[in-house]
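K.L.:
The structure that follows is given in the form of structure tokens.
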Amino acid sequence: MNQKTLPPLNWLRTFEISARSLNFTKAAQELHLTQGAVSQQIRLLERHLGVALFRRLPRGLALTDEGMSYLPVVQDSISRLAAATNELFNQDQRSTVKIRGSLSFFVHWLAPRLAQFNQLHPHIDIRYISSLWVKDTEADDDFEIRWGNGQWPGYISHRLSWDTLFPVCAPELLERSPIQVPKDLAQHTLLHVMGYEEGWGYWLSMVNEEGVQAARGMQLDTLLASLRLAELGVGVALARSSMVEDLLASGTLVELFDDLRVPASESFYLVNRSGRDLPPDAAVFLDWLERQTRA
């Protein structure tokens, strides 16, 4: 395009504001110009284009057909220019890392550590959406946190936990009815979490306890719900070690047996789609998270 046909940007900006308000006085106030200066710029633009953009009426302004056709083009161009300028040169812009995953993992593992991330990277925001079951990540998600064996076709997996399984309950429950050996669990409500391959049946078989009916008790859809009921003294939960560090340290829950932890074959993983480069801030979050797992 011959650049001589492109009007000056300030003329276009004056036209856009005047067309929105259909009032040169209001446009002048927004542009911090005099009304005469606005009128002059509109006349120069119309002369440059060779068409009238406004009809001057006794009681105001109206756009001509040419003006109505030109306005959305000018508005789109100014909007694109403003967005590109902000993206390239706004040093205070914020970035968001988008994560989908387990609410239990967020509450008991990630949330206590996020204050440190915010201090180190105050320009990066976190958006965490909880999900109950494994499904493909949304198109705009950077990561998903999953529990499993780390093998999901089409995804790169980063291991976050090395868990063991063991029973926990509230101290008040032990005061009411002591649990000294695994067979004593038969007198209590077992809190089951649906969706985990290694639950109460697996743990009881690994400790060679055949006197407890593994299927009895309450069925829950999240580990978070199971741990909450255990806190309230409703029953005994089968904990994943990475999820109860804070609860054991505070005394909210207690571990029932000192030497009966069973290694879990599954773990928590941070996954992202293979074949797609991570945005720079998502890569920063991944590096920080992997360092947390080694701490």
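In terms of full-length UniProt numbering, the sequence shown has 222 at position 222, counting the first letter as 1, and numbering is strictly consecutive. Note that the Cβ used here is the ideal one computed from N, Cα and C, for glycine as well.
1) Does the distance from the C-beta atom of Ile179 to that of Val236 stay below 9 angstroms?
2) Suppose only complete runs of 4+ residues qualify. What are the alpha helix (DSSP H) ranges in the segment 203 to 248, listed by chain order?
3) Within a Cβ cutoff of 6 angstroms, which residues of the same chain sit near residue 296, ignoring the five residues on either side of it in sequence?
4) Mind reading off the beta-carbon distance from Val74 to Leu12? Whole number of angstroms is fine, and I expect it under 8 angstroms.
5) In whole angstroms, give me the CA-to-CA distance for Trp133 and Leu229.
6) Exposed or buried, which one is Pro182 when buried takes at least 16 other CB atoms within 10 Å?
7) Taking the straight line between their C-alpha atoms, what separation do you get for Asp141 and Thr64?
8) Give me the Cα-Cα distance between Asp246 and Val107, rounded to the nearest whole angstrom.
9) Assuming Glu290 is part of the alpha helix (DSSP H), what are its boundary residues?
10) Can you grab the Cα-Cα spacing for the pair Asp259 / Met206, in whole Å?
11) Quick test of your reading: Gly150 and Arg159, contact by CB under 8 angstroms. State the CB separation rounded to the nearest angstrom.
12) What separation, rounded to the nearest whole angstrom, lies between the Cα atoms of Pro279 and Thr96?
13) Between Asn10 and Leu31, what straight-line distance do the alpha-carbon atoms span, to the nearest angstrom?
14) By DSSP, does Glu198 sit in helix, in strand, or in coil?
15) Would you call the segment 183 to 196 in contact with the segment 220 to 227, where contact means no fewer than 3 C-beta pairs closer than 8 angstroms?
16) Which residue wins for smallest C-alpha separation from Leu223, given the options Val168, Glu210, Ser250?
17) Once you ignore the five residues that flank Asp136 on each side, which residues in its own chain have a CB closer than 7 angstroms to its CB?
18) Buried or exposed for Phe257, going by 16 or more other Cβ atoms inside 10 Å?
19) Which term fits Phe20, buried or exposed, when burial requires 16 or more other beta carbons within 10 angstroms of its beta carbon?
20) May I ask you to report which of helix, strand or coil DSSP gives Leu71?
21) Could you have a look at Ile179 and say whether DSSP puts it in helix, strand or coil?
22) Please determine, among Ala214, Gln41, Thr14, Glu172, the residue with the shortest C-alpha to C-alpha distance to Leu71.
23) Closest to Arg291 by C-alpha separation, out of Glu175, Phe117, Arg240, Ala215, would be which residue?
24) According to the neighbour-count rule (16 or more other Cβ atoms, all chains shown, within 10 Å of its Cβ), is Glu46 buried or exposed?
P.N.:
Taking the geometry as given:
1) yes
2) 223 to 231
3) Outside the modelled stretch of the chain, which goes from 1 to 295, sits residue 296, for which no answer is possible.
4) 5 angstroms
5) Bear in mind that a pLDDT of 47 at Trp133, under 50, signals an unreliable position, so the model cannot answer this.
6) buried
7) 46 angstroms
8) 10 angstroms
9) 280 to 294
10) 12 angstroms
11) 6 angstroms
12) 10 angstroms
13) 10 angstroms
14) coil
15) yes
16) Val168
17) Unreliable positioning characterises Asp136 in this predicted model, as indicated by a pLDDT of 49, which lies under 50. The coordinate reading is nonetheless provided below. Nothing listed; no residue qualifies.
18) exposed
19) Here the sequence assigns Arg to residue 20, which means Phe is not the residue at that position. Arg20 comes out exposed.
20) helix
21) coil
22) Thr14
23) Phe117
24) buried
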